[in-house]
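To keep things clear, I will list the structure first and then write my remarks on it.
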Amino acid sequence: MAETVTFKNMALAKAINESLRRALDADPKVLVMGEDVGKLGGVFRVTDGLQKDFGESRVVDTPLAESGIVGTAIGLALRGYRPVVEIQFDGFVFPAYDQIVTQLAKMHARSLGKVKMPVVVRIPYGGGIGAVEHHSESPESLFAHVAGLKVVSPSNASDAYWMMQQAIQSDDPVIFFEPKRRYWDKGDVNTEAIPGPLHKAQVVREGTDLTLVAYGPMVKLCQEVANAAAEEGRSLEVVDLRSISPLDFDAIQASVEKTRRLVVVHEAPVFFGSGAEIAARITERCFYHLEAPVLRVGGYHAPYPPARLEDEYLPGLDRVLDAVDRSLAY
Amino acid sequence: MTVESTAARKPRRSAGTRKSPSTKPELVQLLTPEGKRVKNAEYDKYVADITPEELRGLYRDMVLTRRFDAEATSLQRQGELGLWASLLGQEAAQIGSGRALRDDDYVFPTYREHGVAWCRGVDPTNLLGMFRGVNNGGWDPNGNNFHLYTIVIGSQTLHATGYAMGVAKDGADSAVIAYFGDGASSQGDVAESFTFSAVYNAPVVFFCQNNQWAISEPTERQTRVPLYQRAQGFGFPGVRVDGNDVLASLAVTKWALERARGGEGPTLVEAYTYRMGAHTTSDDPSKYRADEEREAWEAKDPILRLRRYLEASNHADEGFFAELETESEALGKRVREAVRAMPDPDRFAIFEHAYADGHALVDEERAGFAAYQASFADGEGA
Numbered sequence: 136m137a138e139t140v141t142f143k144n145m146a147l148a149k150a151i152n153e154s155l156r157r158a159l160d161a162d163p164k165v166l167v168m169g170e171d172v173g174k175l176g177g178v179f180r181v182t183d184g185l186q187k188d189f190g191e192s193r194v195v196d197t198p199l200a201e202s203g204i205v206g207t208a209i210g211l212a213l214r215g216y217r218p219v220v221e222i223q224f225d226g227f228v229f230p231a232y233d234q235i236v237t238q239l240a241k242m243h244a245r246s247l248g249k250v251k252m253p254v255v256v257r258i259p260y261g262g263g264i265g266a267v268e269h270h271s272e273s274p275e276s277l278f279a280h281v282a283g284l285k286v287v288s289p290s291n292a293s294d295a296y297w298m299m300q301q302a303i304q305s306d307d308p309v310i311f312f313e314p315k316r317r318y319w320d321k322g323d324v325n326t327e328a329i330p331g332p333l334h335k336a337q338v339v340r341e342g343t344d345l346t347l348v349a350y351g352p353m354v355k356l357c358q359e360v361a362n363a364a365a366e367e368g369r370s371l372e373v374v375d376l377r378s379i380s381p382l383d384f385d386a387i388q389a390s391v392e393k394t395r396r397l398v399v400v401h402e403a404p405v406f407f408g409s410g411a412e413i414a415a416r417i418t419e420r421c422f423y424h425l426e427a428p429v430l431r432v433g434g435y436h437a438p439y440p441p442a443r444l445e446d447e448y449l450p451g452l453d454r455v456l457d458a459v460d461r462s463l464a465y
Numbered sequence: 006m007t008v009e010s011t012a013a014r015k016p017r018r019s020a021g022t023r024k025s026p027s028t029k030p031e032l033v034q035l036l037t038p039e040g041k042r043v044k045n046a047e048y049d050k051y052v053a054d055i056t057p058e059e060l061r062g063l064y065r066d067m068v069l070t071r072r073f074d075a076e077a078t079s080l081q082r083q084g085e086l087g088l089w090a091s092l093l094g095q096e097a098a099q100i101g102s103g104r105a106l107r108d109d110d111y112v113f114p115t116y117r118e119h120g121v122a123w124c125r126g127v128d129p130t131n132l133l134g135m136f137r138g139v140n141n142g143g144w145d146p147n148g149n150n151f152h153l154y155t156i157v158i159g160s161q162t163l164h165a166t167g168y169a170m171g172v173a174k175d176g177a178d179s180a181v182i183a184y185f186g187d188g189a190s191s192q193g194d195v196a197e198s199f200t201f202s203a204v205y206n207a208p209v210v211f212f213c214q215n216n217q218w219a220i221s222e223p224t225e226r227q228t229r230v231p232l233y234q235r236a237q238g239f240g241f242p243g244v245r246v247d248g249n250d251v252l253a254s255l256a257v258t259k260w261a262l263e264r265a266r267g268g269e270g271p272t273l274v275e276a277y278t279y280r281m282g283a284h285t286t287s288d289d290p291s292k293y294r295a296d297e298e299r300e301a302w303e304a305k306d307p308i309l310r311l312r313r314y315l316e317a318s319n320h321a322d323e324g325f326f327a328e329l330e331t332e333s334e335a336l337g338k339r340v341r342e343a344v345r346a347m348p349d350p351d352r353f354a355i356f357e358h359a360y361a362d363g364h365a366l367v368d369e370e371r372a373g374f375a376a377y378q379a380s381f382a383d384g385e386g387a
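These protein sequences, in sequence, are chains A and B.
Under the working numbering, the first residue of the first sequence carries the number 136, and numbering increases by one thereafter.
Under the working numbering, the first residue of the second sequence carries the number 6, and numbering increases by one thereafter.
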């Protein structure tokens, strides 16, 4: 490793900010667009200071119209720009869902490859911050189901920095889910490193007894679960998916062939969630390796509850440990 | 509150189907249905220098577009196309606006802009691929600055607006034109595109072909005010043009494009016209509209009107019309043969171009599909 490498310790939100700054600086075709992203710097300050440094033409405050934000980003991409748009909160993406699903995702295929759609849709997502309704949802499966979209979610500052660079450089549209409850978590970012591929999962903790698969906000929880389980003498492996579409089944398979047990953890409702897809495919791939059925821990098939109940709704340490116990009891 | 005012607030039974306000909106017209040239102080200058040759060109465009459209309708009836959206009756609105464009302008069509495509130099047979079911678009939008047809109603108005925002950022003086219909005017995306284009002063012309019907829903089901008046509320001008008058459509679109180029922002043009046929070959207009209505509009036929003018002004002779008839038949034949010769796509096209960068799941499924095809012993599946 080069001697000059410097690690900067920064919060996840700041890492995205630095990443956007780097992209704006490197390529005049990169634009940042969204509600309140300019003067205010976004409601989470992820775009703080960018308009001041790059101007109103590069960092664009938009009307309050999500379909308009994504729809005009498509037009800008057709003109050769690389827009990075912010949807202010997860629950607000649905007015833009039509543009994302019927237009953004399909333009490349419909043009038989003649048109590229390098648009990044940033969505702060997930719960755990005591917000009002429509501010805590995890709609990633709705996007992963749509061919033509890539869906990713970083779990730490370093990945946030590098995955944003890769998302902006991608000629495919990327739905970039930012775990808002981890915005303020700090981590080391090596801004000179050569990052791993965007679609590759990462084993963030080695173990031998059971595999925990998670992404975004749940990775940290799973690491805590692994720590707690270690005190009881159990060795859990934690896989951070990083990308939900494409999904790195090879990495999960490799881990499960070693540990023979799998628990998938996400905040989104379990029903028809990403855990269902993982369970089905891993059962197919690892049928003779599995010692227990794949278990899932996630949200309930109910609207995201009022904030005073979100700790009941969201997977927590005890619920995941309970699933670990159930798996090991087979 | 008085009894009367309570009664007045009660929704009227006829609400929503009432005809537009009685004050007749201004309609820009340069050629009457009888083919008489009428003066217009504001818009005459945009066609003042038009030559007899150019007039014959507009006529030729309309005739050939109608011939192409008729051929496509026949081909659908013969089972060669799965569906067709006819433009019959809207030739003047499309050719007039299409001929107002410069090469560097960019067009965002719906799925009915066959005449505009013609003006852009898109080979008409390319338009038939999606209707035959061999692709979902098929042409390179940047080849002729003519975007792919958009099926979801009104979506393309936002793409046009974003593209126009990009044109402005580039400092170019090109203009962008977005086509949509009266039905699309009810869509949120159209309203959002008006908002975005107004606040960013985007060089875009919104060209609404009000053909009176959104499948079976009349314009009165979409709006209580004349559509062109919508623009005022968004802060840019709107004008209604006789959409069956190719000269007026040309003049008004030129005016709107000049505004866009000059940095004056968006314009809404409502081309007041009529869809003579069905919405698509799937519906049956006799179930929802009266024959007399169509007959009344037939009297305003855009092609007949220009022919009358050309003849009265001695701008075209019998030889021209006869030659055009021959050319028209040749086009029909070419389209017919091209459609029948159109090959089915390679079966692996399912997976092609889903992603630009590739995707592990698509690769896995493509491999599975290939293995399944290869499993047929006789090789037919390969």
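We put the CB at the ideal spot given by N, CA and C, even for glycine.
Fair warning: this is a prediction, and the values are worked out from it, not measured in the lab.
Residue i versus residue j - alpha carbon distance
i: B:ARG125; j: B:PHE326; result: 23 Å
i: A:ALA437; j: A:GLY262; result: 14 Å
i: A:VAL195; j: A:LEU166; result: 8 Å
i: B:VAL344; j: B:GLY268; result: 43 Å
i: B:LYS24; j: B:PRO38; result: Unreliable placement is indicated for B:LYS24, whose pLDDT of 49 sits below 50; the coordinate value is still reported in the next sentence. Cα-Cα distance, rounded: 23 Å.
i: B:THR272; j: B:ALA180; result: 11 Å
i: B:GLY193; j: A:GLU392; result: 51 Å
i: B:GLY373; j: A:GLU419; result: 14 Å
i: B:VAL52; j: B:LEU309; result: 20 Å
i: B:PRO26; j: A:PRO198; result: Here the model assigns B:PRO26 a pLDDT of 46, short of 50, so the residue's position is not dependable and the matter cannot be decided.
i: A:LEU155; j: B:GLY270; result: 30 Å
i: B:VAL246; j: B:LEU232; result: 11 Å
i: B:ASN140; j: B:SER191; result: 29 Å
i: A:LYS241; j: B:TYR111; result: 20 Å
i: B:GLY422; j: B:GLU330; result: Since the first and last residues shown for chain B are 6 and 387, residue 422 of chain B lies out of range.
i: B:VAL244; j: A:PRO352; result: 53 Å
i: B:LEU80; j: B:GLY282; result: 15 Å
Beta carbon of residue i nearer than 9 Å to that of residue j
i: A:ALA427; j: A:SER462; result: yes
i: A:PRO289; j: A:ASP225; result: no
i: A:ILE413; j: A:PHE312; result: no
i: B:THR258; j: B:PHE212; result: yes
i: A:MET252; j: A:PRO308; result: yes
i: B:ARG61; j: B:HIS320; result: yes
i: B:LEU69; j: B:LEU336; result: yes
i: B:ILE55; j: B:LEU366; result: no
i: A:PRO441; j: A:GLU221; result: no
i: B:LEU182; j: B:VAL210; result: According to the sequence displayed, residue 182 of chain B carries Ile and not Leu. Yes, these two residues count as a Cβ contact at 9 Å.
i: A:LEU371; j: A:ILE387; result: no
i: A:TYR296; j: A:ALA146; result: no
i: B:ALA256; j: B:ASP66; result: no
i: B:GLY40; j: B:ARG229; result: no
i: B:PRO307; j: B:ALA98; result: yes
i: A:ARG395; j: A:LEU425; result: yes
Amino acids of chain A, ordered along the chain, whose beta-carbon sits closer than 7 Å to that of residue i
i: B:GLY193; result: SER202
i: B:VAL204; result: PRO198
i: B:ASN140; result: LEU247
i: B:VAL112; result: Within 7 Å Cβ-Cβ: nothing; B:VAL112 doesn't reach chain A, min ~12 Å.
C-beta neighbour in chain E for residue i, strict 9 Å
i: A:GLY206; result: Here chain E cannot be found, since the structure's protein chains are A and B.
Under 8 Å by beta carbon: chain A residues contacting residue i
i: B:TYR168; result: GLY210, LEU211, LEU213 and ARG214
i: B:HIS358; result: HIS243, ALA244, SER246, LEU247 and GLY248
i: B:ALA165; result: GLY210
i: B:VAL157; result: ASP233, THR237 and GLN238
8 Å Cβ cut-off: residues of chain B touching residue i
i: A:ASP306; result: ALA361 and ASP362
i: A:SER288; result: Those within 8 Å of A:SER288 in chain B number zero; the least Cβ separation is about 17 Å.
Chain B contact residues for residue i, given Cβ-Cβ distances below 7 Å
i: A:ALA94; result: In the structure as shown, chain A starts at 136 and stops at 465, and residue 94 of chain A therefore has no counterpart that could be examined.
i: A:PRO381; result: HIS364, ALA365 and LEU366
i: A:HIS334; result: ALA365
Amino acids of chain A, ordered along the chain, whose beta-carbon sits closer than 9 Å to that of residue i
i: B:ASP145; result: SER246, LEU247, LYS249 and VAL250
Checklist line | Interface residues of the segment 237-258 of chain A facing chain B [CB-CB below 7 Å] | finding: For the segment 237-258 of chain A, the beta-carbon criterion of a distance under 7 Å to any beta-carbon of chain B is satisfied by THR237, GLN238, HIS243, ALA244, ARG245, SER246, LEU247, GLY248, LYS249, VAL250 and LYS251.
Notebook entry, point to check: When you check each C-beta in the segment 404-417 of chain A against every C-beta of chain B, which residues fall closer than 9 Å?
Noted result: Within the segment 404-417 of chain A, no residue has a Cβ that lies closer than 9 Å to any Cβ of chain B.
Margin query: Quick check on the DSSP output: what are the complete alpha helix (DSSP H) runs of length 4 or more inside the segment 237-304 of chain A, in order along the chain?
Written below: Runs of the alpha helix (DSSP H) inside the segment 237-304 of chain A: 242-245, 275-279 and 292-304.
Notebook entry, point to check: Residues in the segment 169-193 of chain A with C-beta within 7 Å of chain B's C-beta atoms, listed in sequence order?
Noted result: Per Cβ criterion, the list reads SER192.
Next item on the list: Write down every uninterrupted run of the alpha helix (DSSP H) in the segment 125-198 of chain B whose length is 4 residues or greater and which is fully enclosed by it, in chain order.
Entry: The segment 125-198 of chain B contains these whole alpha helix (DSSP H) runs: 134-137, 146-149 and 160-175.
Note to self: In chain order, what are the residue ranges of uninterrupted alpha helix (DSSP H) at least 4 long that sit wholly in the segment 185-264 of chain B?
What the structure shows: Within the segment 185-264 of chain B, the complete alpha helix (DSSP H) segments of 4 residues or longer fall at 193-204 and 235-239, listed in chain order.
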